[in-house]
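Asks: Sending over a structure as structure tokens; questions will come in a sec.
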Amino acid sequence: MAVPGHSSSGGSRGVLLLLLLPGLLALLTTFLLPLFWLVRASFASSAVAALKGGDWTLESYRTVLFDPFYWKLAWNTLYLGVNVAFFAVVLSYPIALFLARTKSRWRGVLTALAVAPLLTSSVVRTYGWMVILGDRGVINTTLQSAGLTDGVIRLTNNYFGATVALIEILMPYAILAMLSGFGRLNAQLEEAAAMLGANRFRVFTRIILPLSLPGVLTAALLVFVLAISSFVTPRLMGGGRVFVIGTEVFNEATVTLNWPLAAALSVLLLVLFGSVILIYQRAMRALET
């Protein structure tokens, strides 16, 4: 005896699976299979073995885990990512808060202007910062013309230049992430607090900031992940003097052709990603309770 609604339920599940199939195939071919090859290559003994398979070794992981240079590399990457995430979020927060609260008819235009830098390649913007911060750039030329300094202030070919450029490049991502996370803000709560005698500072610290923290954490996570995985900006702004995991993966993969070591460093970067995401999830749970 047929169960009423059973066939229709089975048919809807079949349709759902058919709808999910293209996405699952795309995920398999563009993410899971390359990830599997990457992990396999990290255990290979050479670039040829990484391509064709063969012997398995832990030599690349021994190098990464016991060589002080790679510990320094991991610390530099974390240091750069934390600095970029902190300053990008701090600078983007007022902009995102203004865009989320404004009732101006120009709100759409202002939002478009805030994220307009995304329409320009990060390489182009990096070269722009090289012009601004270079030894003969706008800042050094202006300071010398005003008599404020006699020599050149080194603003590029170091971590400072890479950090400044990454902050500007990643700020639009922080603004978008915070705008999407500011849905809990409620003007009525602020009005009620003001009617009870709270000043603007107390309203901000007790109501606005706590309600906007989920968006802030999301923005910090996004910027941090993009910063520690960046390659072009640290390489160009660092002038070969800024060593992070991204630049070292490029060197090992294209210069020395040590693909297993490049793969092991990439796996290390994935572990960093996973650790940060776990911390983010714990922080979000703490905010919800």
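According to our numbering, the sequence shown is numbered sequentially starting from -15. For glycine and all other residues, C-beta sits at the position ideal for the given N, C-alpha and C.
Taking DSSP as the reference, what is the three-state secondary structure of Ser(-4)?
Replies: Position 12 of the sequence shown, counted from the first residue, corresponds to residue -4. DSSP, reduced to helix, strand and coil, places Ser(-4) within a helical segment of the structure shown.
Asks: Could you tell me the distance, in whole angstroms, from the CA atom of Thr41 to the CA atom of Leu245?
Replies: Along the sequence shown, one-based indexing puts residue 41 at 57. Along the sequence shown, one-based indexing puts residue 245 at 261. If you take the alpha carbons of Thr41 and Leu245, they lie about 11 Å apart.
Asks: Measure the alpha-carbon distance for Leu64 versus Glu236 and round it to whole angstroms.
Replies: Along the sequence shown, read from residue 1 onward, the residue named residue 64 stands at position 80. Along the sequence shown, read from residue 1 onward, the residue named residue 236 stands at position 252. Computed Cα separation, rounded: 21 Å.
Asks: Determine the extent of the alpha helix (DSSP H) in which Ile192 is found, giving its start and end residues.
Replies: Residue 192 sits at position 208 when you count from the first residue of the sequence shown. Per DSSP, Ile192 belongs to no alpha helix (DSSP H) and is neither H nor E.
Asks: Look up Ala182 in the DSSP assignment and say whether it is helix, strand or coil.
Replies: Position 198 of the sequence shown, counting from 1, holds the residue named residue 182. Ala182 falls in the coil class under three-state DSSP.
Asks: What ranges does the alpha helix (DSSP H) occupy inside the stretch 17 to 83, keeping only unbroken runs of at least 4 residues that lie completely in it?
Replies: Within the stretch 17 to 83, the complete alpha helix (DSSP H) runs of at least 4 residues are 17 to 26, 31 to 36, 43 to 50.
Asks: Please report how far the alpha carbon of Val(-1) lies from the alpha carbon of Leu9, in whole angstroms.
Replies: Mapped onto the sequence shown, residue -1 falls at position 15. Mapped onto the sequence shown, residue 9 falls at position 25. Roughly 16 Å separates the two Cα atoms.
Asks: Judging by CA-CA distance, which residue of Leu83, Ser30, Leu12 is the nearest neighbour of Thr240?
Replies: Within the sequence shown, numbered from 1, the residue matching residue 240 stands at position 256. Checked all of Leu83, Ser30, Leu12; the closest Cα to Thr240 is Ser30.
Asks: Just the C-alpha distance for Ser26 and Tyr111, rounded to the nearest angstrom, thanks.
Replies: What you label residue 26 is simply residue 42 of the sequence shown in a count that begins at 1. What you label residue 111 is simply residue 127 of the sequence shown in a count that begins at 1. Using only the alpha carbons, I get a separation of about 33 Å.
Asks: Should Glu174 go down as buried or exposed, given a rule of 16 or more other Cβ atoms within 10 Å for buried?
Replies: By one-based count along the sequence shown, residue 174 stands at place 190. Burial call: buried.
Asks: Output the residue ranges of the beta strand (DSSP E) runs that lie fully inside the stretch 199 to 252 and measure 3 residues or longer, sorted by chain position.
Replies: none
Asks: Is Arg219 buried or exposed, if buried means 16 or more other CB atoms sit within 10 Å of its CB?
Replies: Locating residue 219 in the sequence shown gives position 235, counting from the first residue. Flag for Arg219 reads buried.
Asks: What number of angstroms, rounded off, separates the C-alpha of Leu201 from the C-alpha of Asn67?
Replies: The residue you call residue 201 lines up with position 217 of the sequence shown. The residue you call residue 67 lines up with position 83 of the sequence shown. About 14 Å.
Asks: So, helix, strand or coil for Thr125, using DSSP?
Replies: Stepping through the sequence shown from its first residue, residue 125 is reached at position 141. Thr125: helix per DSSP, three-state reduction.
Asks: For Ala203 and Phe257, I'd like the C-alpha separation in whole angstroms.
Replies: Indexing the sequence shown from 1 puts residue 203 at position 219. Indexing the sequence shown from 1 puts residue 257 at position 273. Taking the CA atoms as reference points, Ala203 sits about 15 Å from Phe257.
Asks: Just to check my reading of the structure: Val233 and Leu249 have Cβ atoms closer than 8 Å, yes? What is that Cβ distance to the nearest angstrom?
Replies: For this step, residue 233 is matched to residue 249 along the sequence shown. For this step, residue 249 is matched to residue 265 along the sequence shown. Confirmed, Cβ separation roughly 5 Å.
Asks: Using 8 Å as the Cβ pair cut-off and three pairs as the minimum, do the stretch 180 to 188 and the stretch 70 to 78 touch?
Replies: Flag = no, the stretch 180 to 188 and the stretch 70 to 78 do not touch.
Asks: Val48 to Trp59, Cα distance in whole Å?
Replies: Counting from one through the sequence shown, the residue named residue 48 turns up at place 64. Counting from one through the sequence shown, the residue named residue 59 turns up at place 75. For Val48 and Trp59, the distance between alpha carbons rounds to 13 Å.
Asks: Only counting the same chain, and skipping five residues up and downstream in sequence, which positions put a Cβ closer than 6 Å to that of Ala28?
Replies: Here the question's residue 28 lines up with position 44 in the sequence shown. Ala34, Pro244, listed in sequence order.
Asks: Could you pull out every unbroken alpha helix (DSSP H) segment of at least 4 residues lying fully inside the stretch 146 to 179, listed in chain order?
Replies: 171 to 179
Asks: For Thr217 and Ala146, what's the separation of their Cα atoms in angstroms?
Replies: Position 233 of the sequence shown, counting from 1, holds the residue named residue 217. Position 162 of the sequence shown, counting from 1, holds the residue named residue 146. Cα to Cα, the separation comes out at about 6 Å.
Asks: Just to check my reading of the structure: Leu81 and Leu117 have Cβ atoms closer than 8 Å, yes? What is that Cβ distance to the nearest angstrom?
Replies: In the sequence shown, the residue the question calls residue 81 occupies position 97. In the sequence shown, the residue the question calls residue 117 occupies position 133. In fact, because the Cβ distance is near 29 Å, the residues do not count as touching under 8 Å.
Asks: When you compare only the Cα positions, how much space is there between Ala84 and Gly131?
Replies: On the sequence shown, position 100 is the one that residue 84 refers to. On the sequence shown, position 147 is the one that residue 131 refers to. Their Cα atoms are separated by approximately 43 Å.
Asks: DSSP three-state call for Ala(-14): helix, strand or coil?
Replies: By 1-based counting over the sequence shown, the position of residue -14 is 2. Bear in mind that the predicted position of Ala(-14) carries a pLDDT of just 48, short of 50, making it too unreliable to give a figure here.
Asks: How would you write the range of the alpha helix (DSSP H) that Ser297 sits in, first residue to last?
Replies: What is shown of the chain runs -15 to 273, which leaves residue 297 out entirely.
Asks: How close, in whole Å, do the beta carbons of Leu154 and Ala100 come, if the pair is a contact with beta carbons under 8 Å?
Replies: As a working mapping, residue 154 is identified with position 170 in the sequence shown. As a working mapping, residue 100 is identified with position 116 in the sequence shown. That belief does not hold up - the Cβ atoms of Leu154 and Ala100 are roughly 14 Å apart, past 8 Å.
Asks: If you draw a straight line from the C-alpha of Met162 to the C-alpha of Ser44, how long is it?
Replies: The residue labelled residue 162 in the question sits at position 178 within the sequence shown. The residue labelled residue 44 in the question sits at position 60 within the sequence shown. For Met162 and Ser44, the distance between alpha carbons rounds to 39 Å.
Asks: Nearest to Ile137 by CA position, among Trp21, Gly121, Val107, is which residue?
Replies: Translated into positions along the sequence shown, residue 137 becomes position 153. Among Trp21, Gly121, Val107, the Cα nearest to that of Ile137 belongs to Gly121.
Asks: Just tell me which of Ile263, Val148, Tyr157, Tyr143 has its CA closest to the CA of Gly222.
Replies: Taking the sequence shown and counting its residues from 1, the one referred to as residue 222 is at position 238. Among Ile263, Val148, Tyr157, Tyr143, the Cα nearest to that of Gly222 is on Tyr143.
Asks: Using a threshold of 7 Å, state whether the C-beta atoms of Gly135 and Gly165 are closer than that.
Replies: Position 151 of the sequence shown, counting from 1, holds the residue named residue 135. Position 181 of the sequence shown, counting from 1, holds the residue named residue 165. Result no, Cβ atoms of Gly135 and Gly165 do not sit closer than 7 Å.
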